[in-house]
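J.: Dropping a structure here in structure tokens format, bear with me for questions.
Number of protein chains: 2
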Amino acid sequence: MQMPDPNQAIIARKAHLVARLKQVLPDGAVIHSDNEVRAYECDALTAYKCPPMAAVLPATTAQVAAVLRICHEEAVPVVPRGSGTSLAGGALPTADAVILGVARLTEVIETDYDNRFIRVQTGRTNLSVTGAVEQDGFFYAPDPSSQLACAIAGNIAMNSGGAHCLKYGVTTNNLLGVTMVTMEGEIVEIGGAHMDSGGYDLLGLICGSEGQLGVVTEATLRIIAKAEGARPILLAFDANEVAGACVSDIIRAGLLPVAIEFMDRPCIAACERFAKAGYPDCEALLIVEVEGSDAEIDDQLAKIKAIAATHDPVEMRESKSEAESAAIWAGRKAAFGAMGQINDYMCLDGTIPVSELPFVLRRIRELSAEFGLDVANVFHAGDGNMHPLILFDANKPGDLNTCEALGAEILKLCVEVGGCLTGEHGVGIEKRDLMHVQFDAADLEMQVRVKDVFDPGWLLNPAKVFPLDVTEARRAARDVPQRQTQDAAIA
Amino acid sequence: MQMPDPNQAIIARKAHLVARLKQVLPDGAVIHSDNEVRAYECDALTAYKCPPMAAVLPATTAQVAAVLRICHEEAVPVVPRGSGTSLAGGALPTADAVILGVARLTEVIETDYDNRFIRVQTGRTNLSVTGAVEQDGFFYAPDPSSQLACAIAGNIAMNSGGAHCLKYGVTTNNLLGVTMVTMEGEIVEIGGAHMDSGGYDLLGLICGSEGQLGVVTEATLRIIAKAEGARPILLAFDANEVAGACVSDIIRAGLLPVAIEFMDRPCIAACERFAKAGYPDCEALLIVEVEGSDAEIDDQLAKIKAIAATHDPVEMRESKSEAESAAIWAGRKAAFGAMGQINDYMCLDGTIPVSELPFVLRRIRELSAEFGLDVANVFHAGDGNMHPLILFDANKPGDLNTCEALGAEILKLCVEVGGCLTGEHGVGIEKRDLMHVQFDAADLEMQVRVKDVFDPGWLLNPAKVFPLDVTEARRAARDVPQRQTQDAAIA
Numbered sequence: 098m099q100m101p102d103p104n105q106a107i108i109a110r111k112a113h114l115v116a117r118l119k120q121v122l123p124d125g126a127v128i129h130s131d132n133e134v135r136a137y138e139c140d141a142l143t144a145y146k147c148p149p150m151a152a153v154l155p156a157t158t159a160q161v162a163a164v165l166r167i168c169h170e171e172a173v174p175v176v177p178r179g180s181g182t183s184l185a186g187g188a189l190p191t192a193d194a195v196i197l198g199v200a201r202l203t204e205v206i207e208t209d210y211d212n213r214f215i216r217v218q219t220g221r222t223n224l225s226v227t228g229a230v231e232q233d234g235f236f237y238a239p240d241p242s243s244q245l246a247c248a249i250a251g252n253i254a255m256n257s258g259g260a261h262c263l264k265y266g267v268t269t270n271n272l273l274g275v276t277m278v279t280m281e282g283e284i285v286e287i288g289g290a291h292m293d294s295g296g297y298d299l300l301g302l303i304c305g306s307e308g309q310l311g312v313v314t315e316a317t318l319r320i321i322a323k324a325e326g327a328r329p330i331l332l333a334f335d336a337n338e339v340a341g342a343c344v345s346d347i348i349r350a351g352l353l354p355v356a357i358e359f360m361d362r363p364c365i366a367a368c369e370r371f372a373k374a375g376y377p378d379c380e381a382l383l384i385v386e387v388e389g390s391d392a393e394i395d396d397q398l399a400k401i402k403a404i405a406a407t408h409d410p411v412e413m414r415e416s417k418s419e420a421e422s423a424a425i426w427a428g429r430k431a432a433f434g435a436m437g438q439i440n441d442y443m444c445l446d447g448t449i450p451v452s453e454l455p456f457v458l459r460r461i462r463e464l465s466a467e468f469g470l471d472v473a474n475v476f477h478a479g480d481g482n483m484h485p486l487i488l489f490d491a492n493k494p495g496d497l498n499t500c501e502a503l504g505a506e507i508l509k510l511c512v513e514v515g516g517c518l519t520g521e522h523g524v525g526i527e528k529r530d531l532m533h534v535q536f537d538a539a540d541l542e543m544q545v546r547v548k549d550v551f552d553p554g555w556l557l558n559p560a561k562v563f564p565l566d567v568t569e570a571r572r573a574a575r576d577v578p579q580r581q582t583q584d585a586a587i588a
Numbered sequence: 098m099q100m101p102d103p104n105q106a107i108i109a110r111k112a113h114l115v116a117r118l119k120q121v122l123p124d125g126a127v128i129h130s131d132n133e134v135r136a137y138e139c140d141a142l143t144a145y146k147c148p149p150m151a152a153v154l155p156a157t158t159a160q161v162a163a164v165l166r167i168c169h170e171e172a173v174p175v176v177p178r179g180s181g182t183s184l185a186g187g188a189l190p191t192a193d194a195v196i197l198g199v200a201r202l203t204e205v206i207e208t209d210y211d212n213r214f215i216r217v218q219t220g221r222t223n224l225s226v227t228g229a230v231e232q233d234g235f236f237y238a239p240d241p242s243s244q245l246a247c248a249i250a251g252n253i254a255m256n257s258g259g260a261h262c263l264k265y266g267v268t269t270n271n272l273l274g275v276t277m278v279t280m281e282g283e284i285v286e287i288g289g290a291h292m293d294s295g296g297y298d299l300l301g302l303i304c305g306s307e308g309q310l311g312v313v314t315e316a317t318l319r320i321i322a323k324a325e326g327a328r329p330i331l332l333a334f335d336a337n338e339v340a341g342a343c344v345s346d347i348i349r350a351g352l353l354p355v356a357i358e359f360m361d362r363p364c365i366a367a368c369e370r371f372a373k374a375g376y377p378d379c380e381a382l383l384i385v386e387v388e389g390s391d392a393e394i395d396d397q398l399a400k401i402k403a404i405a406a407t408h409d410p411v412e413m414r415e416s417k418s419e420a421e422s423a424a425i426w427a428g429r430k431a432a433f434g435a436m437g438q439i440n441d442y443m444c445l446d447g448t449i450p451v452s453e454l455p456f457v458l459r460r461i462r463e464l465s466a467e468f469g470l471d472v473a474n475v476f477h478a479g480d481g482n483m484h485p486l487i488l489f490d491a492n493k494p495g496d497l498n499t500c501e502a503l504g505a506e507i508l509k510l511c512v513e514v515g516g517c518l519t520g521e522h523g524v525g526i527e528k529r530d531l532m533h534v535q536f537d538a539a540d541l542e543m544q545v546r547v548k549d550v551f552d553p554g555w556l557l558n559p560a561k562v563f564p565l566d567v568t569e570a571r572r573a574a575r576d577v578p579q580r581q582t583q584d585a586a587i588a
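Heads up: the sequence lines are chains A and B, in that order.
To convert, count from 1 in the first sequence and add 97; that's this note's numbering.
To convert, count from 1 in the second sequence and add 97; that's this note's numbering.
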């Protein structure tokens, strides 16, 4: 008698699933050849890779619902994917999962200037939302660095922020309503175009839930009238701690610039080489941008300069023209590309109380020396959202491990000073095992129970957000068909 | 053989519970005599009354946890109560419930200007939060009309707003973290003092959950630096619809005043009699307030006047002094008191897209004629949060019923135009049976499941938010000991 061949079982399972998916989707919307699924094997956290079983590209909410119904019936995990720009592995497949990509959901459904909202399908990119309304003087505020590529679906999943969120808030502050499909394939409407909701605020819960509670296919987004003008000032200091203290004083004074961006020497140097922005020779730079009428801008910048002056700046360079404004921003906007040109790096995303900036920057320098890896800092300082870049050499054995260990220490530091593991990138797989640092068992249990409600089988975006032992225990407890979590991250 | 006396059983049950509660609370913190519990028989929705079995006044989070553990073990419903100012019956007891009042939880725990937050116990009143920081130039933004009396706990439960929320947002936009006690008596920390949270955003879910998911005992609140100055302008129009159109144009232009308040003729007349604010003779008034430096104020008011001028205003009266500003606000702030002096009234709380204001105001007038009850309108127009006051005579048989029927029609109208049943008062018992209008079965089921997660026995703030049939069905399904819901509202 022959033993059953496990590979044959997997192949048969896949063939059965693909056949069912093809019945509900148009030609070309089901991707299943080994070669083609490789396009979905990772997101922007490229250190981790795992080709999915298949990928689907539905073009309507009804198609999304049909896919989810099938996967639910077949107990197949589903990994929702926006544009795959997650820096936290939020869209990393497991080998037994179907990738559900929203790239074909790109329509603008309604634009309403009277009530200041736009309704879009969520595969639309962040920047093209603004693109749809800018000719009428409006914009969509959250502006992640990846805004040219990233999808609104991913922005909602991760509650994305950006440089200009200090004034306008992050995604959750600009999201009015969604159409969401549950894992069971049920289509639900949450929120609307109004300021509040009856009953519980499920919208707040969905935003930032990393695609684990449902697949959001349409979103109503707040749009904002563009300010008359905006002007940055560049402030240079001879120590990180001094720049940090200046940020703290600006916030304490109750000023609300649109952005306060911070760069330290390693980052300034890399940006100068790459973008030749003409930044001064200094230890730390702030770019502070204010907006409004000319009178308002003058007024706010005068106050900011007065505060900065008390911190002995090396230079204060106020933009006098569009060209000068562009030059001030050029280096900052090139930061990630510039760093990538000279090094492999891991970009962290801890958030801290603004007043802790000087202390945390000093501790990061100490940890950097201890672990023997350089750390460059470039981040949204106004809301305490740090982005330390740990530089390493991917070809050097052990360097990635050291980098991850240092990253974990820095994120623990953020939590210790009263901050949080993540500001805008999400937990994904990157920070899931650090959730125990942020939350005690009771706090985490509340989140587990919420996951249970929306996705009792724990099929949606598996192996993310929760420490892997929690996910495994929960799956076991729920009597879900026992499958080994085929997770590249722990392979 | 004697039949058991059901009254004896209730009395014994109460005596047992009171004895247990006294073991964990200080002297005087357990209120149980028939006379004394009457103080808790209703909130500001005074048409409904029901004395609770007992009331407790814990002074620490640990005491709250002890009370909830006992009530959980004894399967006794718990009605959390802030200051009892709910206009929606959000703190209405049931006869078998214990009122858990937070009135003794009034401490300021921490004030941190560098990071712009204050941490308080939630029994503290809204205005006294600002009181704790105003000497240093800060304030807490949400400002419900009841701010002198209402507790932060109730603000969080109802996601309260206020006149100045157009610019600064409602409670959920100003809440950073909470300590919450679950029905099982577990103490959990949610959020923090930072901008985002790892994992799911439970804080957004808790805010506005009407005390049904847990009892919030401490809260970290965003505080904001006071603007340099503020100045209102009074705009008078000869028709409601014209005033509504003017609001719509101000919002469309992307201006963001701190407040846009609307009053119609019946309301203006009542306020004039009461407060003698010197309002012009007109059909509709707007009070628009802007803030900032003098230059910013001048700039914004010039733009607002230019927009208003296109709507043929009867009068535009810009404040020239502190005294004139106070006079402009005097009438508006007296509105509810003034209306109460001449009539019984029911205050609704529907929210609509701002562009629908002219249509909705016209339909309300038609409905008012149809039902034969006057409706006065005074509300936060900038964010579409309407407060129609239906005037009736509580001593006239049938008038309250007619008033409720008209109220239901107006709220349905709000939902029909794309709005919502409630802006800031919450659903409570007042609007629970209208939830079917706002949500279909699938949408409502998601909320039911969330309630299941946090309070499987449906013991916390019973008979609110959900239609009563949903609550009853859920209790039955969950195998909770069958108790008749002793609900004054349906008695």
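C-beta atoms are modelled at their ideal positions from N, C-alpha and C, and glycine is treated no differently.
All figures in this text were calculated on a predicted structure; none of them were measured in a lab.
Out of curiosity, what's the CA-to-CA distance linking A250 of chain A and E170 of chain B?
T.: Here residue 250 of chain A refers to the residue found at position 153 of the first sequence. Here residue 170 of chain B refers to the residue found at position 73 of the second sequence. If you take the alpha carbons of A250 of chain A and E170 of chain B, they lie about 43 Å apart.
J.: The alpha helix (DSSP H) spanning H169 of chain B covers which residue range?
T.: Here residue 169 of chain B is taken as the residue at index 72 of the second sequence, counted from 1. H169 of chain B -> alpha helix (DSSP H) spans T158 to E171.
J.: Mind reading off the beta-carbon distance from A172 of chain A to L556 of chain A? Whole number of angstroms is fine, and I expect it under 8 Å.
T.: For the purposes of this step, residue 172 of chain A is taken as residue 75 along the first sequence, with counting starting at 1. For the purposes of this step, residue 556 of chain A is taken as residue 459 along the first sequence, with counting starting at 1. A172 of chain A to L556 of chain A, Cβ: 7 Å. Contact.
J.: Measuring CB atoms only, is the stretch 353-364 of chain B touching the stretch 296-305 of chain B, in the sense that at least three cross pairs come out at less than 8 Å?
T.: Result no; under three Cβ-Cβ pairs closer than 8 Å.
J.: Have a look at A:T317, A:L245 and A:Q309 and flag the residue whose alpha-carbon is nearest the alpha-carbon of T268 of chain A.
T.: As a first step, residue 268 of chain A must be located in the first sequence, where it is residue number 171. If we check each option's Cα against that of T268 of chain A, A:T317 comes out closest.
J.: Using the Cα positions of G187 of chain A and A254 of chain A, report the straight-line distance between them to the nearest angstrom.
T.: Within the first sequence, the letter at position 90 stands for residue 187 of chain A. Within the first sequence, the letter at position 157 stands for residue 254 of chain A. Rounded to whole angstroms, G187 of chain A to A254 of chain A spans 9 Å at the Cα level.
J.: Would DSSP call H113 of chain B helix, strand or coil?
T.: Along the second sequence, one-based indexing puts residue 113 of chain B at 16. Of the three classes helix, strand and coil, the one that applies to H113 of chain B here is helix, per DSSP.
J.: Mind checking which residues open and close the beta strand (DSSP E) that includes G198 of chain B?
T.: Along the second sequence, one-based indexing puts residue 198 of chain B at 101. Counting along the chain, the beta strand (DSSP E) containing G198 of chain B begins and ends at V195 to G198.
J.: Compute the beta-carbon to beta-carbon distance between Q535 of chain A and L518 of chain A, rounded to the nearest angstrom, for a pair I have assumed lies under 8 Å.
T.: Start at 1 with the first residue of the first sequence, and residue 535 of chain A comes out as number 438. Start at 1 with the first residue of the first sequence, and residue 518 of chain A comes out as number 421. About 5 Å; that satisfies the 8 Å criterion.
J.: Can you tell which of B:S452, B:A473, B:P450 and B:V451 has the C-alpha that lies nearest to the C-alpha of I461 of chain B?
T.: By one-based count along the second sequence, residue 461 of chain B stands at place 364. Answer by Cα proximity: B:A473.
J.: Our contact map puts L531 of chain A next to A505 of chain A with C-beta atoms below 8 Å; I'd like the distance itself, whole angstroms only.
T.: Along the first sequence, read from residue 1 onward, the residue named residue 531 of chain A stands at position 434. Along the first sequence, read from residue 1 onward, the residue named residue 505 of chain A stands at position 408. L531 of chain A to A505 of chain A, Cβ: 6 Å. Contact.
J.: Per DSSP, which one or two residues make a beta bridge with E388 of chain A?
T.: Against the first sequence, residue 388 of chain A aligns to sequence position 291. In the DSSP output, where bridge partners are listed per residue, E388 of chain A has A:A327.
J.: Whose CA, out of A:T407, A:G351 and A:G179, lies closest to the CA of Q210 of chain B?
T.: Here residue 210 of chain B refers to the residue found at position 113 when the second sequence is read from its first residue. According to the sequence displayed, residue 210 of chain B carries Tyr and not Gln. It is A:G351 whose Cα lies nearest to the Cα of Y210 of chain B.
J.: Less than 7 Å between C-beta atoms, sequence neighbours within five positions excluded: which residues of the same chain meet that for C500 of chain B?
T.: Along the second sequence, one-based indexing puts residue 500 of chain B at 403. The answer, listed in chain order, is M443, L470, I487 and F489.
J.: Between the stretch 195-227 of chain A and chain B, which residues of the former have a C-beta closer than 9 Å to a C-beta of the latter?
T.: From the stretch 195-227 of chain A, only D209, Y210, D211, N212, R213 and F214 have a Cβ closer than 9 Å to chain B.
J.: A473 of chain B lies in the beta strand (DSSP E); which residues open and close that run?
T.: Translated into positions along the second sequence, residue 473 of chain B becomes position 376. Its beta strand (DSSP E) spans residues V472 to H477.
J.: Which of the three DSSP states, helix, strand or coil, is assigned to P485 of chain A?
T.: In the first sequence, the residue the question calls residue 485 of chain A occupies position 388. If DSSP states are grouped into helix, strand and coil, P485 of chain A belongs with the strands.
J.: Ordered along the chain, which non-local residues of its own chain (more than five positions away) have a Cβ less than 6 Å from that of R429 of chain A?
T.: By one-based count along the first sequence, residue 429 of chain A stands at place 332. Here the set comprises E358 and I384.
J.: Quick check on A420 of chain B: does DSSP put it in helix, strand or coil?
T.: Working through the second sequence from its first residue, we reach residue 420 of chain B at position 323. Helix.
J.: What residues of chain A sit near P450 of chain B, judged by a beta carbon separation below 8 Å?
T.: Taking the first residue of the second sequence as 1, we reach residue 450 of chain B at position 353. Going along chain A in sequence order, the residues near P450 of chain B (Cβ under 8 Å) are D209, D211, N212, A290 and H291.
J.: Ignoring anything shorter than 3 residues or poking outside the stretch 275-324 of chain A, list the beta strand (DSSP E) runs there in chain order.
T.: For the stretch 275-324 of chain A, whole beta strand (DSSP E) runs of length 3 or above, ordered along the chain, are 284-288 and 312-319.
J.: Could you check whether the Cβ of M483 of chain B sits closer than 8 Å to any Cβ belonging to chain A?
T.: Here the question's residue 483 of chain B lines up with position 386 in the second sequence. Not an interface residue.
J.: For E501 of chain A, name the three-state secondary structure that DSSP assigns.
T.: Translated into positions along the first sequence, residue 501 of chain A becomes position 404. If DSSP states are grouped into helix, strand and coil, E501 of chain A belongs with the helices.
J.: For Q579 of chain A, which of helix, strand or coil comes out of DSSP?
T.: Within the first sequence, the letter at position 482 stands for residue 579 of chain A. Residue confidence is low: Q579 of chain A scores 40 on pLDDT, short of 50, so the model does not pin down where it sits. No coordinate-derived value is stated.
J.: Against chain B, does A574 of chain A count as a neighbour if the rule is that its beta carbon must be under 8 Å from one of theirs?
T.: Looking up residue 574 of chain A in the first sequence gives position 477. Judged by the 8 Å Cβ criterion, A574 of chain A is not in contact with chain B.
J.: Checking contacts by CB at 8 Å: is R546 of chain A closer than that to chain B?
T.: Looking up residue 546 of chain A in the first sequence gives position 449. Closer than 8 Å to some Cβ of chain B, the Cβ of R546 of chain A qualifies, so yes.
J.: Got a sec: is the Cβ-Cβ distance from T157 of chain A to anything in chain B below 8 Å?
T.: Position 60 of the first sequence, counted from the first residue, corresponds to residue 157 of chain A. No - not a single Cβ of chain B is within 8 Å of the one on T157 of chain A.
J.: Starting from the Cα of L299 of chain A, find the closest Cα among A:G288, A:T276 and A:G308 and give me that residue.
T.: Translated into positions along the first sequence, residue 299 of chain A becomes position 202. Nearest of A:G288, A:T276 and A:G308 to L299 of chain A, Cα basis: A:G288.
J.: Does DSSP put Y442 of chain A in a helix, a strand or coil?
T.: Here residue 442 of chain A refers to the residue found at position 345 when the first sequence is read from its first residue. Residue state, collapsed to three classes: strand.
J.: Identify every run of the alpha helix (DSSP H) within the stretch 489-548 of chain B, keeping only runs that are complete inside it and at least 4 residues long; order them along the chain.
T.: DSSP runs (the alpha helix (DSSP H)) wholly in the stretch 489-548 of chain B: 496-513 and 532-535.
J.: Of the choices B:P177, B:V153 and B:L273, whose alpha-carbon is the least far from that of I449 of chain A?
T.: Locating residue 449 of chain A in the first sequence gives position 352, where the first residue counts as 1. Comparing Cα-Cα distances from I449 of chain A to each of B:P177, B:V153 and B:L273, the minimum goes to B:L273.
J.: Return the chain-ordered list of same chain residues with a C-beta closer than 6 Å to the C-beta of Q105 of chain B, the five sequence neighbours on each side being excluded.
T.: Working through the second sequence from its first residue, we reach residue 105 of chain B at position 8. Taken in chain order, the list of residues that qualify is empty.
J.: Tell whether a beta-carbon distance below 8 Å holds between V175 of chain A and L165 of chain A.
T.: One-based indexing of the first sequence puts residue 175 of chain A at position 78. One-based indexing of the first sequence puts residue 165 of chain A at position 68. A contact, by the Cβ cut-off of 8 Å.
J.: Compare the Cα-Cα distances from T208 of chain B to each of B:F236, B:T182 and B:L184 and report the closest residue.
T.: As a working note, residue 208 of chain B is residue 111 in the second sequence. Of the candidates B:F236, B:T182 and B:L184, the one whose C-alpha sits nearest the C-alpha of T208 of chain B is B:F236.
J.: From P494 of chain A to N223 of chain B, what distance separates their C-alpha atoms?
T.: By one-based count along the first sequence, residue 494 of chain A stands at place 397. By one-based count along the second sequence, residue 223 of chain B stands at place 126. Their Cα atoms are separated by approximately 58 Å.
J.: Counting only beta-carbon separations shorter than 8 Å, does S390 of chain B have a partner in chain A?
T.: Here residue 390 of chain B refers to the residue found at position 293 of the second sequence. For S390 of chain B, the answer is yes, since a Cβ of chain A falls inside 8 Å of its Cβ.
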